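Peer 1: The following block contains the structure, expressed as structure tokens.
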Amino acid sequence: MFLANLKERLASLLSVSADDFVYPVPAELGDLSLPLFALAKSSGLSPAALAQEKIKLLEQSDLPEAIQSFRAVGPYLNFFFKAGVFNREALFDIEKAGPDFGRLAVGRQQKVMLEYSNANTHKEYHIGHLRNLFFGDAVFRILAFNDYRAIPVSYINDFGIHVAKTLWQWQRANYKDVDAPKGWLLGKCYAEASNLLLQAEIKEDGGLEKEKMKTEISTVMKEIESRQGKNYELWQETRAWSIAYFAEIYQRFGVRFEHIFYESEVIDDGLKMVAEFLQRGILKNNQGAVIADLEEYGLGVLPIIRSDGTALYPVADLALARLKFNEYHLDESVYIVDVRQGLYFKQLAKIFELAGENLKISHLGYDFVTLRGGMMSSRNGNVITYSQIWDEAYTRTRHEVVARHQDWEIKRIESTAEKLAVAALKFEMLKVRADKIITFDMDEALRFDGFTAAYLQYTGARLASILRKNETLTADYSLLIHGKELSLAIMMQRFPEAVAKAGFQRDLSILARYLFDLSQVFNDYYHEVAILKAEPALSSARIGLLRSLRQVLVNGFSLLGFDYLEEM
RNA sequence: GCGCCCAUAGUUCAAUGGAUAGAACACUAGCCUUCUAAGCUGGAUAUGUAGGUUCGAUUCCUACUGGGCGCACCA
47 MFLANLKERL ASLLSVSADD FVYPVPAELG DLSLPLFALA KSSGLSPAAL AQEKIKLLEQ
107 SDLPEAIQSF RAVGPYLNFF FKAGVFNREA LFDIEKAGPD FGRLAVGRQQ KVMLEYSNAN
167 THKEYHIGHL RNLFFGDAVF RILAFNDYRA IPVSYINDFG IHVAKTLWQW QRANYKDVDA
227 PKGWLLGKCY AEASNLLLQA EIKEDGGLEK EKMKTEISTV MKEIESRQGK NYELWQETRA
287 WSIAYFAEIY QRFGVRFEHI FYESEVIDDG LKMVAEFLQR GILKNNQGAV IADLEEYGLG
347 VLPIIRSDGT ALYPVADLAL ARLKFNEYHL DESVYIVDVR QGLYFKQLAK IFELAGENLK
407 ISHLGYDFVT LRGGMMSSRN GNVITYSQIW DEAYTRTRHE VVARHQDWEI KRIESTAEKL
467 AVAALKFEML KVRADKIITF DMDEALRFDG FTAAYLQYTG ARLASILRKN ETLTADYSLL
527 IHGKELSLAI MMQRFPEAVA KAGFQRDLSI LARYLFDLSQ VFNDYYHEVA ILKAEPALSS
587 ARIGLLRSLR QVLVNGFSLL GFDYLEEM
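Residue numbers (the working numbering): 47 to 614.
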């Protein structure tokens, strides 16, 4: 990391921290800058006077070779780099590091389990789930890149009351012979069941009808819980459909889990834990239900078991949290779940604290996805499902690819279109900070210009096309003295900083924006400078510059979870 | 009622307390006999309100306004 080292050397000469440096906003002011406001305060000098002091210090020092000049501009100390030297060192550095360029050894192999994609079987998979999946996967990738022993897991809710609702409607609607993915049909049944219940509630005299439905659903639920009978068998069959459907989605998006937990597998241990915690007074009976009373900690009340004796969500989660630490000996267990469950995870952590179990569990929240027409809800069917958005995205990318490459084989067209669609969707979800609500708009999300994955991939494809035409491997990079070459090299050297910041803040939008900025710098350069037609030695050096840029893009794309395309 | 999050250009988003608040989309004027025009160049427009801390506030603090979310049997 040449730029980082350069900053360290300057920092040590000036007795400041490398983190104090900034990059001047109007680039004409310099390549690197040191604002002296904060330092001036402790020294008792004005920032401008301190700048003069530092200038004197620098004049007497043995400066790094890459520094061309420096100058004080008011309270700032600005440095200019020697393009030839900087570029030579910067590119050697990237070539040497290759796929590891940007990697940071901060994780020290700490074991961090990341739980995400907590989908429900028997319910629709929608764009909200996609945000969770892409965010979780990218956090996993960046932590793994930064030397954490990150363990991606998914926890599937296959046992709640929603299952009973779905199966109840499934038997009434009889969709067995409808030509559609079965996982999708189950989601449809869930929405229909919820709707029927809602309608019964609104209707005058609907009370009786609703009670009848609820009783029927409750019967289904109890049969599943008893693990025998027709409904249990139906549960097994339909559950398998959903699981296969999820596996398809994960494969399409290149997401892998080290393990998948199921609610049905931990629920029994959860019930035992509830009994144990009841006995120890950590949980208590109240109005026929079992609750965790956390009022005195300002965390309200968490219901654990319904007054009809059936289990609520936390039962299985209690057992799962314990199981994770016992089986994997974790340093930390992170739940990547919608911010709306923030209170719930505080409650969960508090219960373990009260039980004297020191489990480091934390909640990494992100905000939800909403639609122009209002909040998404699978209960009333106001959703954009995974299959809808995928079909639309793929249709559009395929259309674009066909328009440009009539000569390509179908297989190639389809594979390129698929990669573009995957990248477009992932980038759309990752480019916004996690604590922002995404108001999803299909046309907006599936654009291919501006701040999009297609722009990044197009940048990559253009430079790959040049690299195919000239594969010279040796060159003298100190010939790269164009101002835009220096800008590009500095920007490339800032990749490790972007990775570090994105990883530390667990905010992938930082990396997304960095890659976009980097691409803009290249596209500007591309239009201004001839690469293949420059005189041979210079052309070779420029080819080397592009090779390094490709490496940075490849590394960056892979952290966000999409492919670098050679042609598009 | 209590708690959490958000408020920047017509729209969607940026900006470790620091230099002239940046992009993208849309609108508009240009650029393909240089390597992929899914590109590039130019043009207008913005910090919700009132205070406070500070040499300096989009950023920190307080109040208010507006929007969203969460708070006992949903997950």
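Ideal Cβ placement from N, Cα and C applies to all residues, glycine included.
The model shown is predicted, which means the values in this text are computed figures rather than measured ones.
Checking 7 angstroms against the spacing of the C-beta atoms, do residue 576 and residue 525 come in under that value?
Peer 2: By 1-based counting over the first sequence, the position of residue 576 is 530. By 1-based counting over the first sequence, the position of residue 525 is 479. No, Cβ-Cβ distance for residue 576 and residue 525 is not below 7 angstroms.
Peer 1: Within 10 angstroms of its Cβ, does residue 365 collect 16 or more other Cβ (buried), or is it exposed?
Peer 2: Within the first sequence, residue 365 is the residue found at index 319, counting from 1. Residue 365 comes out buried.
Peer 1: If contact is defined by three or more beta carbon pairs under 8 angstroms, each pair taking one atom from either stretch, is the region 278-291 in contact with the region 221-234?
Peer 2: Because the criterion of three Cβ pairs below 8 angstroms is met, the region 221-234 and the region 278-291 touch.
Peer 1: Just the C-alpha distance for residue 329 and residue 206, rounded to the nearest angstrom, thanks.
Peer 2: Reading the first sequence from its first residue, position 283 is the one you call residue 329. Reading the first sequence from its first residue, position 160 is the one you call residue 206. Going by the C-alpha atoms only, they are around 21 angstroms apart.
Peer 1: Counting pairs of beta carbons, one from the region 600-613 and one from the region 488-507, are three or more of them closer than 8 angstroms?
Peer 2: Counting Cβ pairs under 8 angstroms, three or more are found: they touch.
Peer 1: On the CB-based measure, 16 or more other CB atoms within 10 Å of its CB, does residue 239 come out buried or exposed?
Peer 2: For the purposes of this step, residue 239 is taken as residue 193 along the first sequence, with counting starting at 1. By the 10 Å Cβ count, residue 239 comes out buried.
Peer 1: Would you grab the beta carbon distance between residue 62 and residue 78 for me? Rounded to a whole angstrom, and I think it's under 8 angstroms.
Peer 2: Counted from its first residue, the first sequence places residue 62 at position 16. Counted from its first residue, the first sequence places residue 78 at position 32. Not confirmed; about 12 angstroms, so no contact.
Peer 1: Three or more C-beta pairs under 8 angstroms: does that hold for the region 194-205 against the region 297-317?
Peer 2: Short answer: they touch.
Peer 1: Under the rule that 16 or more other beta-carbon atoms within 10 Å means buried, what is residue 443, buried or exposed?
Peer 2: Residue numbering aside, residue 443 sits at position 397 when the first sequence is read from its first letter. By the 10 Å Cβ count, residue 443 comes out buried.
Peer 1: On the criterion of 16 or more Cβ atoms from any shown chain inside 10 Å, does residue 347 qualify as buried, or is it exposed?
Peer 2: The residue you call residue 347 lines up with position 301 of the first sequence. Under this definition residue 347 is an exposed residue.
Peer 1: Apart from the five residues just before and just after residue 598, which ones in its own chain have a Cβ nearer than 6 angstroms to its Cβ?
Peer 2: Against the first sequence, residue 598 aligns to sequence position 552. Once the five neighbours on either side are set aside, the close Cβ partners of residue 598 are 538 and 541.
Peer 1: By the three-class DSSP mapping on this structure, what secondary structure does residue 353 have?
Peer 2: Counting from one through the first sequence, the residue named residue 353 turns up at place 307. Residue state, collapsed to three classes: coil.
Peer 1: Taking only three categories from DSSP, how would you classify residue 516?
Peer 2: As a first step, residue 516 must be located in the first sequence, where it is residue number 470. Correct three-state label for residue 516: coil.
Peer 1: Measure the C-alpha to C-alpha separation of residue 117 and residue 98 and round it to an integer number of angstroms.
Peer 2: Here the question's residue 117 lines up with position 71 in the first sequence. Here the question's residue 98 lines up with position 52 in the first sequence. Roughly 9 angstroms separates the two Cα atoms.
Peer 1: Hey, how far is the Cα of residue 243 from the Cα of residue 345?
Peer 2: Sequence index remark: in the first sequence, residue 243 carries index 197 (1-based). Sequence index remark: in the first sequence, residue 345 carries index 299 (1-based). Residue 243 and residue 345: Cα-Cα distance of roughly 31 angstroms.
Peer 1: With three or more beta-carbon pairs closer than 8 angstroms as the criterion, would you say the region 292-303 touches the region 465-478?
Peer 2: Flag = yes, the region 292-303 and the region 465-478 touch.
Peer 1: Taking the straight line between their C-alpha atoms, what separation do you get for residue 545 and residue 149?
Peer 2: Start at 1 with the first residue of the first sequence, and residue 545 comes out as number 499. Start at 1 with the first residue of the first sequence, and residue 149 comes out as number 103. Cα to Cα, the separation comes out at about 8 angstroms.
Peer 1: In terms of residue numbering, what span does the alpha helix (DSSP H) encompassing residue 375 cover?
Peer 2: Start at 1 with the first residue of the first sequence, and residue 375 comes out as number 329. Per DSSP, residue 375 belongs to no alpha helix (DSSP H) and is neither H nor E.
Peer 1: Is it true that the CB of residue 124 sits closer than 7 angstroms to the CB of residue 75?
Peer 2: Locating residue 75 in the first sequence gives position 29, where the first residue counts as 1. Locating residue 124 in the first sequence gives position 78, where the first residue counts as 1. Yes, the Cβ-Cβ distance between residue 75 and residue 124 is below 7 angstroms.
Peer 1: Can you tell me whether DSSP reads residue 497 as helix, strand or coil?
Peer 2: In the first sequence, the residue the question calls residue 497 occupies position 451. Note: residue 497 maps to coil in three-state DSSP.
Peer 1: At which residues does the alpha helix (DSSP H) containing residue 541 begin and terminate?
Peer 2: Along the first sequence, one-based indexing puts residue 541 at 495. Residue 541 -> alpha helix (DSSP H) spans 541-551.
Peer 1: Can you tell me where the beta strand (DSSP E) with residue 562 in it begins and where it stops?
Peer 2: Numbered from 1 along the first sequence, position 516 holds the residue referred to as residue 562. Looking at the DSSP string, residue 562 is not in any beta strand (DSSP E); the run it does join, the alpha helix (DSSP H), is 555-574.
Peer 1: Could you tell me the alpha carbon to alpha carbon distance between residue 572 and residue 47, rounded to whole angstroms?
Peer 2: Your numbering for residue 572 matches position 526 in the first sequence. Your numbering for residue 47 matches position 1 in the first sequence. Going by the C-alpha atoms only, they are around 25 angstroms apart.
Peer 1: I'd like the span of the beta strand (DSSP E) that includes residue 416, first residue to last.
Peer 2: On the first sequence, position 370 is the one that residue 416 refers to. That run of the beta strand (DSSP E) goes 415-417.
Peer 1: Do residue 112 and residue 87 have their CB atoms nearer than 7 angstroms?
Peer 2: Mapped onto the first sequence, residue 112 falls at position 66. Mapped onto the first sequence, residue 87 falls at position 41. For residue 112 and residue 87, no; Cβs fall outside 7 angstroms.
Peer 1: Quick check: what's the CA-CA separation for residue 121 versus residue 90?
Peer 2: By 1-based counting over the first sequence, the position of residue 121 is 75. By 1-based counting over the first sequence, the position of residue 90 is 44. Straight-line Cα distance between these residues: approximately 14 angstroms.
Peer 1: Output the distance between the C-alpha atoms of residue 187 and residue 138, rounded to the nearest integer angstrom.
Peer 2: On the first sequence, residue 187 is found 141 positions in, with the first residue counted as 1. On the first sequence, residue 138 is found 92 positions in, with the first residue counted as 1. Their backbone Cα atoms lie some 26 angstroms apart in a straight line.
Peer 1: Under a three-way DSSP split, which group does residue 117 fall into?
Peer 2: Translated into the one-based positions of the first sequence, residue 117 becomes position 71. DSSP places residue 117 in strand when its eight states are reduced to three.
Peer 1: Under a three-way DSSP split, which group does residue 363 fall into?
Peer 2: Along the first sequence, one-based indexing puts residue 363 at 317. Reduced to three states, the DSSP call for residue 363 is helix.
Peer 1: Please classify residue 550 as buried or exposed, where buried requires at least 16 other C-beta atoms within 10 Å of its C-beta.
Peer 2: As a working note, residue 550 is residue 504 in the first sequence. With fewer than 16 other Cβ atoms within 10 Å, it is exposed.
Peer 1: Classify residue 147 as helix, strand or coil using the three-state DSSP reduction.
Peer 2: Position 101 of the first sequence, counted from the start, is the residue given in the question as residue 147. Three-state result, residue 147: coil.
Peer 1: Can you tell me whether residue 177 is buried or exposed, with buried defined as 16 or more other CB within 10 angstroms of its CB?
Peer 2: Translated into positions along the first sequence, residue 177 becomes position 131. Under this definition residue 177 is a buried residue.
Peer 1: Is there contact between the region 401-415 and the region 433-447, where contact requires at least three CB pairs shorter than 8 angstroms?
Peer 2: No, because fewer than three Cβ pairs between the region 401-415 and the region 433-447 fall closer than 8 angstroms, the two stretches do not touch.
Peer 1: When you compare the CB positions of residue 335 and residue 349, do they come within less than 7 angstroms of one another, or not?
Peer 2: By 1-based counting over the first sequence, the position of residue 335 is 289. By 1-based counting over the first sequence, the position of residue 349 is 303. Yes, they are a contact pair.
Peer 1: Please work out which residues of its chain come closer than 7 angstroms, Cβ to Cβ, to residue 492, disregarding the five sequence neighbours upstream and downstream, and give them in chain order.
Peer 2: Here the question's residue 492 lines up with position 446 in the first sequence. Cβ within range, chain order: 438, 439, 442 and 470.
Peer 1: Residues bridged to residue 611 by DSSP?
Peer 2: Looking up residue 611 in the first sequence gives position 565. Bridge partners of residue 611: none, in fact.
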